[in-house]
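Take the sequence shown: its position 15, counting from 1, is numbered 1275 in my numbering, and each next residue is one higher.
For every residue, glycine included, the Cβ atom is placed at its ideal position computed from N, Cα and C.
Structure record follows, encoded as structure tokens.
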Amino acid sequence: STQKNPVLLNPTDRRTLERSTFDPSHPTKVIIHGFGGGRNLAPSTDLRN
1261 STQKNPVLLN PTDRRTLERS TFDPSHPTKV IIHGFGGGRN LAPSTDLRN
């Protein structure tokens, strides 16, 4: 999965994670941004960089 080809995960359906390409052995960070923000606004861009 990539930014241009994302995989959508449903947090209430464990099967979506099990069927995805997610690899729990890789380091993982979860970033949650607030309402009204976006992926091109700080802090999202700051965290990505």
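Span of the alpha helix (DSSP H) around residue i
i            : result
residue 1281 : That residue, residue 1281, is in no alpha helix (DSSP H); it is neither H nor E in DSSP.
Within 8 Å, strictly: CB atoms of residue i and residue j
i            : j            : result
residue 1281 : residue 1267 : yes
Chain-order list of residues whose beta-carbon lies under 7 Å from that of residue i (same chain, five-residue window excluded)
i            : result
residue 1269 : 1276, 1277 and 1280
Same chain, Cβ closer than 6 Å to residue i, five either side skipped, listed in chain order
i            : result
residue 1273 : none
Chain-order list of residues whose beta-carbon lies under 8 Å from that of residue i (same chain, five-residue window excluded)
i            : result
residue 1286 : none
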